[in-house]
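Chains as they are written, first to last, in our numbering: chain A, 557 to 787; chain B, 557 to 787; chain C, 1088 to 1306; chain D, 1088 to 1306.
Here the structure is laid out as structure tokens; the discussion comes afterwards.
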Amino acid sequence: MINKTVLNAEDAVADIQDGATLMMGGFGLSGIPENCIAALLKRKIQNLTIVSNNAGVDDFGIGLFLKERMVKKMISSYVGENEEFERQLLNGELEVELIPQGTLAERIRAGGAGIPAFFTPAGVGTEVAEGKEIREFDGKHFLLERALYADFALVKAWKGDTAGNLIFKGTARNFNPLMATAGKITIAEVEELVPAGSLDPNAIHTPGIYVQRIFKGDSYEKRIEQRTVSV
Amino acid sequence: MINKTVLNAEDAVADIQDGATLMMGGFGLSGIPENCIAALLKRKIQNLTIVSNNAGVDDFGIGLFLKERMVKKMISSYVGENEEFERQLLNGELEVELIPQGTLAERIRAGGAGIPAFFTPAGVGTEVAEGKEIREFDGKHFLLERALYADFALVKAWKGDTAGNLIFKGTARNFNPLMATAGKITIAEVEELVPAGSLDPNAIHTPGIYVQRIFKGDSYEKRIEQRTVSV
Amino acid sequence: MLTKEQIAKRIAKEVENGQYINLGIGIPTLVANYIPAHLEIVLQSENGLLGIGPFPKESAVDPDLINAGKQTITLLPDSALFDSAQSFAMIRGGHVQLTILGAMEVSEHGDIANWKIPGKMVKGMGGAMDLVASAKNIIVAMQHCSKDGQSKLLPKCALPLTGIRCVKKIVTDLAVLEIAPEGGFILKERAPNVSVDEIKSKTAGKLIILGEVPEMQFD
Amino acid sequence: MLTKEQIAKRIAKEVENGQYINLGIGIPTLVANYIPAHLEIVLQSENGLLGIGPFPKESAVDPDLINAGKQTITLLPDSALFDSAQSFAMIRGGHVQLTILGAMEVSEHGDIANWKIPGKMVKGMGGAMDLVASAKNIIVAMQHCSKDGQSKLLPKCALPLTGIRCVKKIVTDLAVLEIAPEGGFILKERAPNVSVDEIKSKTAGKLIILGEVPEMQFD
């Protein structure tokens, strides 16, 4: 069987270079590849283009990349939780491309699925439509949107096997399975790495074909943004 | 909790009328909605347009509809296992639209996902491309393909709960989850119908939102087309 | 004038049995508290969940279970989890039948602006553009006027748009209004102790009054 | 002239470690029997499976586990199951790296015809058009000539096409040939005891011979 295991995060990201385009899974701080982020921070590579639904917070997640000035451009749907982000943006030190969340998800899925472009209703009549082809189907208007690809996709799963098959947990799934399909190289970090044959083949969310490297991540903090409890 | 349960196949298909467009899950005879097929056969409705990857065999699956002259048009990728089909086709009693299998799958998925059209490489330079827009992206040519919808989608799952959440088994999954999303009314028949809360929410293949009616099917034959064994 | 809770309570009356619903952040989230117990509905969270349960007990907080507002939540027996592409497939495909969200401005043609104020830091549209472009029924929950007293019901939105011709109904602290097919806000109900004249004076867009305007009922 | 088994055996030499591979019905299916044991590869079945295992024992036959040829099969430890949209997403997206399939005709530009014969009952293209439009490497396994002795390697296909400019390599009972970027069949290897002249006489399309043509090796 094909074994995709690498030793650790450092080995997994060793060949990511300045100027790379990275997709990074997660919604807010949930389901982000914490170990890959830490390993990339050590390497202080620069001019990254990052495709991620959000941009982390000032002292966690992608916010740490911003602090170290590693990011040239963010492609996201919502970036509102981060002061350093705001500062760099207003100073012109950072480019941002904002994309409706469903369009972002579908563009990534299209990238992985060999669909170069598709029509979607989101953004018709808004500034998102500027410069895009608009076409009517069955009396309704749609925008033509292009697929998104990345040099590397960094995803975080709950369980994974040595063949790269992944299972996510709860809402930490979010963008991770889509991004896994759209990276030229997809790196998966998992909480539990098990031998091939340990996962139910019927319950796998991401088939191993999409994953080039997998490792067991350490000491997940899983920081909560809005701890909300009932009494 | 919303309860989607209906008593049986007869009740589930009671409002399907002559001339309806039906999507029917299955690949060959694997994962076909046997109970819905039996219930529709009793009603002998006519002029159906059926979207199904295959057309059954002479005495099982969609082949039974053909025998009863219930089908006006088949939309499929491969229909080669059925003599009655061939006879009706050659006599001009049946229309057939052949679609590349991946395009068929993606058109159905698009229908469920609110994507009215998308570009795909399959069929460029072939007769499948006739009359379709061809466009170049990144130096490669693609066809514009439209979404597919149905009045009713008839799907077969392994387990389902009263809220309509479905889990499929093995390769009997095939077109079923896509079709479940693209029917105005989706009817799911399952081998095991369990109370909501019995399925792992993390392992559900089709969320209940796509299913309008669910019932426990009886006496599945699960006929095998090519029984192939090793010694 | 209605409190936020009352706006939520009034909107809850719009909910129909069996619906799949997406609630935006703010007043829309409060709507969940007022949906009558006899209605069976399912709340969708666009980060990948159908069947949003109540906030967890402190001991049951799970960082892998959050809603689109990044709050910790719980699952229900009928919950299903999925990825972001599947989530917006069900939104875009019209399977989520009702979307309730806030707005900065609504036009008399049902255009909505709720994501960007020129000159201010832009946080992004999140899933709002997909939601308003897709759901069959879109209800806006908002104050009738801005903090400086300007009407938020306009002939044409001044702010950058989130979507066009999509809002079906608006519930404000003063009134319930529907968008007329040919344009205009049809005044359907007024808040207790609020006069039609007051609503008229605070609605910059075309206000359509068809006969007697009843006072809102909450139960 | 090679037997079908020998064609499969020669094609198996093209397989690289770590590849995800889709095998068509017929000779391509036989290729699986000859892939060297030291290579770790995964076979994809377009009806929704990665990791096709051997045919089951009679006692383990499961109607819910079939391959794209509708044969009963088994799973392997690294298997994953998925739906048809996901299956063709991985094909169309280029994740399945090698496709081996049969053909009725191949043109010197790499066009392939393998799904339809005018005048005969049309069964459909199944997944073939998606496969040939997508995989990075496409190898055709076929007889060099049809049963009535006509060359199947042509300047231009006469039959309706399955895909254009997609075939990279052809292994026939007589030869191994590659499609030249500018068009033409580059004769890479000849079958044991088959002369270059024989291949020349049986190839209707442009045959390109670059120096000495070695005899095929199978191990």
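Yeah, the Cβ is synthetic: ideal placement off N, Cα and C, and Gly gets one too.
CA nearest to the CA of residue i, picked from the options
i, options, result
"Lys1144 of chain D", "D:Leu1110, D:Asp1165, D:Val1129 and D:Thr1161", "D:Thr1161"
"Glu858 of chain A", "A:Lys715, A:Lys772 and A:Pro672", "Residue 858 of chain A lies beyond the range of chain A shown here (557 to 787); nothing can be said about it."
"Val1129 of chain D", "A:Tyr766, A:Thr727, A:Gly739 and A:Gly681", "A:Tyr766"
"Gly582 of chain B", "D:Asn1134, D:Glu1195 and D:Val1183", "D:Asn1134"
"Leu1297 of chain C", "C:Ile1225, C:Phe1305 and C:Phe1272", "C:Phe1272"
"Gly679 of chain B", "D:Phe1169, D:Leu1248, D:Ile1178 and D:Ile1286", "D:Leu1248"
"Ser1288 of chain C", "C:Gly1138, C:Asp1151, C:Glu1302 and C:His1231", "C:His1231"
"Ala719 of chain A", "D:Thr1159, D:Ile1112, D:Asp1165 and D:Ser1146", "D:Asp1165"
"Lys712 of chain B", "B:Tyr705, B:Glu686, B:Lys696 and B:Ile743", "B:Ile743"
"Val562 of chain A", "A:Glu651, A:Ile760 and A:Gly716", "A:Gly716"
"Met1212 of chain C", "C:Asn1201, C:Ala1220 and C:Asn1154", "C:Asn1201"
"Lys1293 of chain C", "C:Gly1270, C:Lys1275 and C:Asn1224", "C:Gly1270"
"Glu637 of chain B", "B:Val684, B:Asn610, B:Val569 and B:Thr762", "B:Asn610"
"Ser1194 of chain D", "D:Lys1255, D:Ile1114 and D:Lys1275", "D:Lys1255"
"Gln657 of chain A", "A:Ala594, A:Ala669 and A:Pro677", "A:Pro677"
"Leu734 of chain A", "A:Tyr705, A:Phe621, A:Gly584 and A:Ile770", "A:Tyr705"
"Asn564 of chain B", "B:Leu749, B:Asp614 and B:Ser586", "B:Leu749"
Residues bridged to residue i [DSSP beta-bridge criterion]
i, result
"Leu1130 of chain C", "C:Ile1108"
"Leu1264 of chain C", "C:Ile1257 and C:Leu1274"
"Ile1295 of chain D", "D:Ile1273"
"Ser1194 of chain C", "C:Leu1241"
"Ser683 of chain B", "One detail in the question is off: residue 683 of chain B reads as Glu in this sequence, not Ser. None, per the DSSP bridge assignment."
"Leu710 of chain B", "B:Met580 and B:Ile743"
"Glu701 of chain B", "B:Phe674"
"Gln782 of chain B", "D:Gln1158"
"Thr1090 of chain D", "The partner list for Thr1090 of chain D (beta bridge, DSSP) is empty, contrary to what the question assumes."
"Leu645 of chain B", "For Leu645 of chain B, which the question treats as bridged, DSSP gives no partner whatsoever."
"Asn1224 of chain D", "D:Leu1185"
Contact list for residue i against chain E, beta-carbon separation under 8 Å
i, result
"Ile671 of chain B", "Although the question refers to chain E, the structure presented lacks it and instead comprises the protein chains A, B, C and D."
Under the three-state DSSP convention, the category residue i falls into
i, result
"Lys1243 of chain C", "coil"
"Ser1238 of chain C", "strand"
"Leu1168 of chain C", "strand"
"Ser1146 of chain C", "helix"
"Ala565 of chain B", "helix"
"Gly1253 of chain C", "Checking the sequence shown, residue 1253 of chain C turns out to be Cys, not Gly. DSSP places Cys1253 of chain C in coil when its eight states are reduced to three."
"Ala673 of chain B", "strand"
"Ile588 of chain B", "coil"
"Ala570 of chain B", "coil"
"Leu660 of chain B", "helix"
"Asn1154 of chain C", "coil"
"Asp1313 of chain D", "Residue 1313 of chain D is absent from the model: chain D starts at 1088 and stops at 1306."
"Val1219 of chain D", "helix"
"Ser1174 of chain C", "helix"
"Gly716 of chain B", "strand"
"Met557 of chain A", "coil"
"Val759 of chain A", "First, the residue type needs correcting, since residue 759 of chain A is Ala and not Val in the sequence shown. Three-state DSSP puts Ala759 of chain A in a helix."
Proximal chain D residues relative to residue i, where beta-carbon distance stays under 8 Å
i, result
"Leu734 of chain B", "Asp1170, Ser1171 and Ala1172"
Chain A contact residues for residue i, given Cβ-Cβ distances below 9 Å
i, result
"Gly726 of chain B", "Pro757 and Asn758"
"Thr1116 of chain C", "By Cβ distance, chain A contributes nothing, its closest Cβ being about 11 Å from Thr1116 of chain C, past 9 Å."
Within chain B, the residues that residue i reaches when beta carbons sit closer than 9 Å
i, result
"Phe693 of chain A", "Pro672, Ala673, Arg702 and Ala703"
Under 8 Å by beta carbon: chain C residues contacting residue i
i, result
"Asn730 of chain A", "Asn1134, Gly1135, Asp1170 and Ser1171"
Within chain B, partners of residue i - CB distance below 7 Å
i, result
"Glu1127 of chain C", "Met557 and Ile558"
Interface residues of chain A facing residue i [CB-CB closer than 7 Å]
i, result
"Lys1256 of chain C", "Those within 7 Å of Lys1256 of chain C in chain A number zero; the least Cβ separation is about 20 Å."
Contacts that residue i makes with chain A (C-beta to C-beta distance below 8 Å)
i, result
"Leu1107 of chain D", "Sequence check: residue 1107 of chain D is Tyr here, not Leu. The answer, in chain order, is Ile765."
"Phe698 of chain B", "Pro672 and Ala673"
Proximal residues of chain D, C-beta to C-beta of residue i below 7 Å
i, result
"Arg665 of chain B", "Ala1172"
Contacts that residue i makes with chain B (C-beta to C-beta distance below 8 Å)
i, result
"Ala1239 of chain D", "The amino acid at residue 1239 of chain D is misidentified as Ala; the sequence shows Lys. Residues of chain B passing the Cβ test: none, with the nearest at roughly 18 Å."
Against chain C: residues of the stretch 624 to 638 of chain A by CB proximity under 7 Å:
From the stretch 624 to 638 of chain A, only Ser632, Ser633, Tyr634, Val635 and Gly636 have a Cβ closer than 7 Å to chain C.
Check distances from the C-beta atoms of the stretch 1214 to 1236 of chain D to those of chain A and list, in chain order, the residues that come in under 8 Å.
Taking 8 Å as the cut-off between beta carbons, the residues of the stretch 1214 to 1236 of chain D near chain A are Ser1221, in sequence order.
When you check each C-beta in the stretch 700 to 713 of chain A against every C-beta of chain C, which residues fall closer than 7 Å?
Flagged: no residues at all.
Beta carbons nearer than 8 Å to chain B: which residues of the stretch 1150 to 1169 of chain C have them?
Those would be Leu1162, Leu1163, Pro1164, Asp1165, Ser1166, Ala1167, Leu1168 and Phe1169, in chain order.
Within 7 Å of chain B by C-beta, residues of the stretch 1170 to 1202 of chain C in sequence order
Result list: Ala1176, Met1177, Arg1179, Gly1180, Gly1181 and His1182.
Along the stretch 764 to 785 of chain A, what residues have a CB closer than 9 Å to any CB found in chain D?
Of all residues in the stretch 764 to 785 of chain A, the ones placed with a Cβ closer than 9 Å to any Cβ belonging to chain D are Gly764, Ile765 and Tyr766, in chain order.
When you check each C-beta in the stretch 573 to 591 of chain A against every C-beta of chain D, which residues fall closer than 9 Å?
If the cut-off is 9 Å between Cβ atoms, the stretch 573 to 591 of chain A has nothing near chain D.
Closer than 7 Å, Cβ to Cβ, to anything on chain C: give me those residues from the stretch 591 to 622 of chain A, in chain order.
Residues are counted here when their Cβ sits less than 7 Å from a Cβ of chain C; for the stretch 591 to 622 of chain A the count is zero.
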